[in-house]
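Student: Pasting a structure here, questions to come.
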């Protein structure tokens, strides 16, 4: 990791660890909410940003994770059973969703993932015996950890932070390993990748499966955070917002989801001062942001570097031209 | 039986409006690779602009014509130059997200800047009923269906039979070859955006009397148009018509025979079934995996 | 007499009514550089893509080391020691040159699961550096491949095909669009790479080269096959081909 990145990372870590006790209860809840989305979007960033797939159904996995924990806890079992079941379940379903990706391309894959999200949402809404239908499942409790209660907003925040950091480290390791290059090869040139021995089918399936696990774990955390689960946060609209968060942050940049989720989750809150116009400002900001930075917020350093390099090249060319002119 | 026919016919009418919106959406994708997540809002805005012209005294048809002009300028040229042109070369992601932002901005802008209420909208058609072979149909239904069909078939005829239309098709199929053949590609793409804007205005004129003009009317309509386009076949203009009609009819039948709460779910279910069994759409051509 | 490394027999492929390849048969010996020439539309690329698993032939068989490989996928062929370059440049533009080379061979090291825990360069750093030096692109090794000049990208493209030390490499117009001053360099590189061993150190690598640059082909190849309208017109040494009247009339001119 380059030095400036490491430094920013450390500062961010310190802020995340030491900051929240100074916030009001709602502020702590909000930061937890943001972190949950960071976790979910890390998964989507892998699928869409690193592996170049089209996934507009990520909220479905988020919902599957949340409902799994809610249903299991309602049946009397522990959160600590619900969490791994959610993770494994999402992995398997994510693999299954990857199969259409092998047969259909780009825009049609996007539609297939939308269809999947739709199907899952319909089940959530209609199967009252399982999910409580539109009434949802309420009173989802917060777990206890080694005898410590995580009921308070602050303690639950540290729990969410811990899980996010752990999974973030795992993802970092994965992306730095040969798998990272394989995913990038799959994204940038699947035909060449295949002719070099990259098993693009396996990596495609895994990019969906691993991304789904991240959303599932995030959903499990979400369930005990908001403590009331209903179908509304898991619609196609929610998937589209998650996609927006990943693209705005910068697809394929590791810390993209941090910024993107901040834009998606925290920015609307901060804009509340604009009252009736806050959503308009948000929407307009997204448009302006895309026009200015189509590769996302984290592409700023790369663009500055590219501009500097091209200025140096122009200067070198001008100097060379001058010396030729002088010699003539 | 007469109930069924009644539902069927009014479903066709509603569906034909979805088809008009879906057609514009499909053309935009074919000609320029633009996925317009704000298509529903492109129908909502003209509805309000027409109301505006109407309020200052212009009769409905005049308002419509004036609005068409504004729409071509803003939703056609403005959208193309301001958003589509700068972003298309970066792949699908930025333009998808930009149109999502645009949809949010348009919706909230109208809500905050104009009104959050639902406004009544004058209908083109008088309030008459007809009785054909025991089935009761409104003039509005027949008129809407007729006008929409004319629009869709007319647009397709324009694309297939006129020189400009064929040039637009050439651009949609192969931009590089079209350039080499001397076709003014940017202008043809602009025409496509303009056609989309006009179709959206027409959809607004036909749908708003029933739906009422409200800032969020575009959400549901945009979704239905999107699904209709995919169900019919995203790379085929005729698909938009078929998809729209299927969604319109099935919605009506489901609302009556199953339950009104299922109305919105119907488009979703058909969409899912099509994606599972024929992902390229009912009339679409299979997109081969390119070597 | 050695057994052939590659044996193609009776290859046929049609696209609708067009018979692109009809009854093509040839053999490539171990260590041989085998050229394929012919006018555009003679079926060279179709034949190439059939051998490489990119398309499935309608009829005929392809054997590598005596084992049938007809209809296998590009992935499976690469695992069996077949490499290729592409006519249109196919490098990974957003990765550095060095990473391009590493990814070109990393899937041959260990299993998918062991690679999850392997270091980022899979231990291929030294080999990548060796190829970078051999191809003389050290000065651009850390730049993104998409930022290089066309000629430099072409060298990266060719180097990538050799990272996994394949026994058989198919080169699709390696000189296309390349500055004439670079062509000689590519020829020397290919001759050196041909003499280096395949995975079984005793054999040398075999190449199949499609090219239109006649001087390049005549200088580089041990044998040349001439394809015209989907069939084989002649196979022979460069001298034999140059002296073949049929070939001269159909393709080379006087």
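Chains as they are written, first to last, in my numbering: chain L, 19 to 346; chain H, 13 to 303; chain P, 7 to 260. Using N, Cα and C, we set each Cβ at its ideal position, and we do this for glycine too.
Which residues share a DSSP beta bridge with residue 167 (chain L)?
Tutor: In the first chain, residue 167 (chain L) corresponds to position 149, counting from 1. Answer by DSSP bridge pairing, in chain order: L:162.
Student: Please determine, among L:271, L:255, L:310, L:237, the residue with the shortest C-alpha to C-alpha distance to residue 104 (chain L).
Tutor: Numbered from its first residue, the first chain carries residue 104 (chain L) at position 86. When only C-alpha atoms are compared, the closest one is L:237.
Student: Just to make sure I have the definition right: I need the residues of chain H whose C-beta is within less than 8 Å of the C-beta of residue 265 (chain L). Which are they?
Tutor: Here residue 265 (chain L) refers to the residue found at position 247 of the first chain. Chain H residues near residue 265 (chain L): 105, 106, 108, 109.
Student: Which residues, in chain order, does the region 73-85 of chain P contribute to contact with chain L at a C-beta distance below 7 Å?
Tutor: Residues 80, 81, 84, 85.
Student: Give every residue of the same chain whose Cβ lies closer than 8 Å to the Cβ of residue 252 (chain P), excluding the five residues on either side of it in the sequence, and list them in chain order.
Tutor: As a working mapping, residue 252 (chain P) is identified with position 246 in the third chain. Taken in chain order, the residues that qualify are 239, 240.
Student: Using three-state DSSP, classify residue 14 (chain P) as helix, strand or coil.
Tutor: In the third chain, residue 14 (chain P) corresponds to position 8, counting from 1. Note: residue 14 (chain P) maps to strand in three-state DSSP.
Student: By how many angstroms is the C-alpha of residue 175 (chain P) removed from the C-alpha of residue 250 (chain P)?
Tutor: Residue 250 (chain P) sits at position 244 when you count from the first residue of the third chain. Residue 175 (chain P) sits at position 169 when you count from the first residue of the third chain. Answer to the nearest angstrom: the Cα atoms are 27 Å apart.
Student: Measuring only between beta-carbons, confirm whether residue 312 (chain L) sits less than 8 Å from chain P.
Tutor: Counted from its first residue, the first chain places residue 312 (chain L) at position 294. So no, residue 312 (chain L) is outside the interface.
Student: Our contact map puts residue 101 (chain P) next to residue 150 (chain P) with C-beta atoms below 8 Å; I'd like the distance itself, whole angstroms only.
Tutor: Position 95 of the third chain, counted from the start, is the residue given in the question as residue 101 (chain P). Position 144 of the third chain, counted from the start, is the residue given in the question as residue 150 (chain P). Indeed they touch by this definition, with Cβ atoms about 7 Å apart.
Student: Residues of chain L with CB closer than 7 Å to the CB of residue 110 (chain P), please, in chain order.
Tutor: As a first step, residue 110 (chain P) is located in the third chain; it is residue number 104 there, counting from the start. Under the 7 Å cutoff, chain L gives 214.
Student: With a Cβ-Cβ cutoff of 8 Å, do residue 184 (chain H) and residue 42 (chain H) count as a contact?
Tutor: In the second chain, the residue the question calls residue 184 (chain H) occupies position 172. In the second chain, the residue the question calls residue 42 (chain H) occupies position 30. Contact: yes.
Student: How long is the line joining the alpha carbons of residue 82 (chain H) and residue 92 (chain H), rounded to whole angstroms?
Tutor: Within the second chain, the letter at position 70 stands for residue 82 (chain H). Within the second chain, the letter at position 80 stands for residue 92 (chain H). Residue 82 (chain H) and residue 92 (chain H): Cα-Cα distance of roughly 14 Å.
Student: Note down, in chain order, each residue of its chain lying with its Cβ closer than 6 Å to the Cβ of residue 170 (chain P), except the 5 sequence neighbours on either side.
Tutor: As a position in the third chain, residue 170 (chain P) is number 164, starting the count at 1. Here the set comprises 111, 114.
Student: DSSP on residue 204 (chain P), reduced to helix/strand/coil?
Tutor: Your numbering for residue 204 (chain P) matches position 198 in the third chain. Low confidence applies here, because residue 204 (chain P) scores a pLDDT of 48, under 50, leaving its location unreliable and the question unanswered by this model.
Student: Would a check of beta-carbon distances place residue 305 (chain L) closer than 8 Å to chain H?
Tutor: In the first chain, residue 305 (chain L) corresponds to position 287, counting from 1. It does; some Cβ of chain H falls within 8 Å.
Student: Can you tell me which residues form a DSSP beta bridge with residue 131 (chain H)?
Tutor: Within the second chain, numbered from 1, the residue matching residue 131 (chain H) stands at position 119. DSSP, once it has assigned bridges, lists H:225 as partnering residue 131 (chain H).
Student: If you reduce the DSSP assignment to three classes, tell me which class residue 292 (chain L) lands in.
Tutor: Working through the first chain from its first residue, we reach residue 292 (chain L) at position 274. Correct three-state label for residue 292 (chain L): helix.
Student: Could you tell me which whole beta strand (DSSP E) segments of length 3 or greater appear in the region 59-115 of chain L?
Tutor: Fully enclosed beta strand (DSSP E) runs of 3 or longer: not present.
Student: Is it the case that the Cβ atoms of residue 275 (chain L) and residue 63 (chain L) are separated by a distance below 8 Å?
Tutor: Locating residue 275 (chain L) in the first chain gives position 257, counting from the first residue. Locating residue 63 (chain L) in the first chain gives position 45, counting from the first residue. It is a contact, given that the beta carbons lie within the stated cut-off.
Student: Per DSSP, what kind of secondary structure is residue 19 (chain P) in: helix, strand or coil?
Tutor: Along the third chain, read from residue 1 onward, the residue named residue 19 (chain P) stands at position 13. Correct three-state label for residue 19 (chain P): strand.
Student: Whole alpha helix (DSSP H) runs in the region 136-214 of chain L with 4 or more residues, listed along the chain?
Tutor: As far as the region 136-214 of chain L is concerned, its whole alpha helix (DSSP H) runs of at least 4 residues are 146-149, 171-194, 196-206, 208-213.
Student: Going along the region 262-283 of chain H in order, which residues come within less than 8 Å of chain L, judged by CB to CB distance?
Tutor: Under the 8 Å Cβ criterion, the region 262-283 of chain H contributes 277, 280, 281, 283.
Student: Does chain H have any CB closer than 8 Å to the CB of residue 125 (chain L)?
Tutor: As a first step, residue 125 (chain L) is located in the first chain; it is residue number 107 there, counting from the start. Answer yes: the Cβ-Cβ gap between residue 125 (chain L) and chain H drops below 8 Å somewhere.
Student: Determine which residues share a DSSP beta bridge with residue 237 (chain P) and list them.
Tutor: In the third chain, counting from the first residue as 1, residue 237 (chain P) sits at position 231. Answer is P:234.
Student: Taking the alpha carbon of residue 12 (chain H) as the reference point, which residue from H:234, H:272, H:60 has its own alpha carbon closest?
Tutor: Outside the shown range of chain H (13 to 303) lies residue 12 (chain H), about which nothing can therefore be said.
Student: Between residue 101 (chain L) and residue 182 (chain L), what straight-line distance do the alpha-carbon atoms span, to the nearest angstrom?
Tutor: As a position in the first chain, residue 101 (chain L) is number 83, starting the count at 1. As a position in the first chain, residue 182 (chain L) is number 164, starting the count at 1. When rounded, the distance between both Cα atoms is 14 Å.
Student: Could you spell out the range, first to last residue, of the alpha helix (DSSP H) harbouring residue 8 (chain P)?
Tutor: In the third chain, the residue the question calls residue 8 (chain P) occupies position 2. No alpha helix (DSSP H) contains residue 8 (chain P), which DSSP labels as neither H nor E.
Student: By alpha-carbon positions, which one of L:156, L:197, L:180 ends up nearest to residue 35 (chain L)?
Tutor: For this step, residue 35 (chain L) is matched to residue 17 along the first chain. For residue 35 (chain L), the nearest C-alpha among the options comes from L:180.
Student: How long is the line joining the alpha carbons of residue 111 (chain H) and residue 83 (chain P), rounded to whole angstroms?
Tutor: Counted from its first residue, the second chain places residue 111 (chain H) at position 99. Counted from its first residue, the third chain places residue 83 (chain P) at position 77. Approximately 43 Å between the Cα atoms of the pair.
Student: Check whether the Cβ of residue 199 (chain L) lies closer than 8 Å to any Cβ atom in chain P.
Tutor: Residue numbering aside, residue 199 (chain L) sits at position 181 when the first chain is read from its first letter. Yes, its Cβ sits closer than 8 Å to a Cβ of chain P.
Student: How is residue 263 (chain H) classed by DSSP in three states: helix, strand or coil?
Tutor: Here the question's residue 263 (chain H) lines up with position 251 in the second chain. Reduced to three states, the DSSP call for residue 263 (chain H) is helix.
Student: So what's residue 26 (chain P) in DSSP terms, helix, strand or just coil?
Tutor: Translated into positions along the third chain, residue 26 (chain P) becomes position 20. Looking at residue 26 (chain P) - three-state DSSP - the assignment turns out to be strand.
Student: Start and end of the beta strand (DSSP E) containing residue 143 (chain H)?
Tutor: Along the second chain, one-based indexing puts residue 143 (chain H) at 131. Start and end: 141-144.
Student: Whole angstroms is fine: what's the gap from residue 271 (chain H)'s alpha carbon to residue 279 (chain H)'s?
Tutor: Start at 1 with the first residue of the second chain, and residue 271 (chain H) comes out as number 259. Start at 1 with the first residue of the second chain, and residue 279 (chain H) comes out as number 267. So the alpha carbons of these two residues sit roughly 14 Å apart.
Student: With a threshold of 16 other CB atoms inside 10 Å of the CB of residue 264 (chain H), please say whether the residue is buried or exposed.
Tutor: Counting from one through the second chain, the residue named residue 264 (chain H) turns up at place 252. Residue 264 (chain H) comes out buried.
Student: Around the C-beta of residue 329 (chain L), are 16 or more other C-beta atoms found within 10 angstroms, so that it is buried, or is it exposed?
Tutor: Locating residue 329 (chain L) in the first chain gives position 311, counting from the first residue. Exposed: under 16 other Cβ atoms inside 10 Å.
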